[in-house]
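Structure first, then comments.
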């Protein structure tokens, strides 16, 4: 998938060439924004971003400018952007919002970016979303803010008033995970797990445990550790429980010990963690860690070997396959590496037909010299492209037809 061309400067309330997209307020302070929303009887949409956040930049470059996104948000919301970090290049307008940005971070416990807060026309916080997404998904998520029955903080209020309601706890943990509200996640998980016994495990419960186990100190971790075969059988997926257990254990035990500036002693690390968790298979996770290291160290032949070895025993999802294939396309000219990447990319397309995966496959074919098929697949990618992707893919297609490299030389 192509890396997004990012804007070099993001102003807090600037309209960045987005005549067809979201119109963000410019030159108003927070009180004035609330006054405008109240007068126009609109909700307030606030994008909390940082200059270093990749998903933030993606949203600003590829989602916010889209016509359908602008049509929805401009009709329903007064829209604002607040830069949450500080840089030497900040404008006077950004600096004027430093104090307000600090207050937002503290009052609303902002722990991840981008975070989107939505206030009602009276200026009361009603909804919270974290993380980017494509245009259609983002619009659908944002519609929840307009209805009391789906607003995050209305759900939180109901949960706090009915802390033993199991069905409500299930809804709450899903919503709180999306909102990065860790305290509420823990509270809701405790209620759910307290109702879960090994002999009563269901497929729904097994899926919940796999999706929501984040610490070895939780009852969820204990249930996974003690019942891996049953969990796998319920989910019809071998190794599902082990992957979660290994990931949690590695994050806790080795998270601060891995320095990707120099290649770690993988065997020593594996021995250390295996001694503590004897019944967990760490091989698949260690292979992914090695792959991450080889990407960062730009060791493309080693990346090729480790991904290929992973595929002999484990399945990588389509997004992982596509990401590794794109790294090889952009950075390697080695024939063996490109052949392997083409194989991974083809598998990604077979698993999930997305424009980004088709774009990767087409670019690899082109770099391998198969211009005819490259153009065919790039045209297919363009036909499925979102509004924010179309210019990028069209430019790639034009280069292919003109025999111009689509990669940096």
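Residue numbers (full-length UniProt numbering): 1 to 409.
Glycine included, each C-beta is placed from N, C-alpha and C at the ideal position.
Taken through DSSP and simplified to helix, strand or coil, residue 281 comes out as coil.
Judged by DSSP in its simplified three-state form, residue 64 adopts coil rather than helix or strand. Residue 326 sits buried, since 16 or more C-beta atoms from the chains shown fall within 10 Å of its C-beta. Relative to the Cα of residue 50, the nearest Cα in the group 116, 62, 44 belongs to 116. Per DSSP, residue 22 is not a residue of any beta strand (DSSP E), being assigned neither H nor E.
Residue 329 holds the alpha-carbon nearest to the alpha-carbon of residue 295 among 53, 283, 329. Taking residue 266 as the centre and dropping the five residues before and after it, the same chain places the C-beta of 286, 290 closer than 7 Å to its C-beta, in chain order. Counting along the chain, residue 47 sits inside the beta strand (DSSP E) bounded by residues 43-49. Judged by DSSP in its simplified three-state form, residue 298 adopts coil rather than helix or strand. At least 8 Å separates the beta-carbon of residue 208 from that of residue 179. Contact between residue 160 and residue 212 does not hold, since their C-beta atoms are separated by about 19 Å, which reaches or exceeds 8 Å. The beta carbons of residue 206 and residue 234 sit closer together than 8 Å. If only uninterrupted beta strand (DSSP E) runs of at least 3 residues are considered, those enclosed by the segment 77-133 are 77-83, 115-119, 125-130. Under a 10 Å Cβ-count criterion, residue 198 is classified as exposed, with fewer than 16 other Cβ atoms of the shown protein chains found around its own Cβ. Separation of residue 335 and residue 342 (C-alpha to C-alpha, rounded to the nearest whole angstrom) is 10 Å. DSSP places residue 216 outside any alpha helix (DSSP H), giving it a letter other than H or E.
Contact holds between the segment 357-366 and the segment 380-391, because three or more Cβ pairs, one in each stretch, are under 8 Å apart.
In the three-state DSSP reduction, residue 197 falls in the coil class, being neither helix nor strand.
Annotation: the segment 232-261 contains the following complete segments of the alpha helix (DSSP H) (minimum length 4 residues), in chain order: 240-253.
Within 10 angstroms of the beta-carbon of residue 78 lie 16 or more other beta-carbons, which makes it buried. In this structure, the beta-carbon distance from residue 216 to residue 252 falls below 8 Å. Separation of residue 26 and residue 408 (C-alpha to C-alpha, rounded to the nearest whole angstrom) is 37 Å. Non-local C-beta neighbours of residue 309 in its own chain, meaning closer than 7 Å and more than five positions away in sequence, comprise 287, ordered along the chain.
When C-alpha distances from residue 338 are compared across 319, 351, 302, 316, the shortest belongs to 302.
Bounds of any alpha helix (DSSP H) do not take in residue 333, whose DSSP letter is neither H nor E. For residue 304, the closest alpha carbon among the candidates 324, 316, 318 is that of 324. Secondary structure at residue 328: helix, using DSSP grouped into helix, strand and coil. Cβ-Cβ distances below 6 Å link residue 67 to 20 in the same chain, with the five nearest sequence neighbours on each side left out; the list follows chain order. The residue from 112, 96, 300 with its alpha-carbon nearest to that of residue 52 is 112. In this structure residue 114 is buried. Its beta-carbon is surrounded by 16 or more other beta-carbon atoms within 10 angstroms. A direct Cα-to-Cα measurement between residue 351 and residue 311 gives close to 14 Å. C-alpha of residue 369 to C-alpha of residue 143: approximately 46 Å in a straight line. In this structure residue 155 is in contact with residue 171, their Cβ atoms being roughly 6 Å apart against a cut-off of 8 Å. Between residue 386 and residue 363, the C-beta gap is not smaller than 8 Å, which leaves the two residues out of contact. In chain order, 198, 201 place their CB closer than 7 Å to the CB of residue 227, counting only its own chain and leaving out the 5 sequence neighbours on each side. Within the same chain, and ignoring the five residues on either side of residue 230 in sequence, the residues whose Cβ sits closer than 8 Å to its Cβ are 198, 201, 206.
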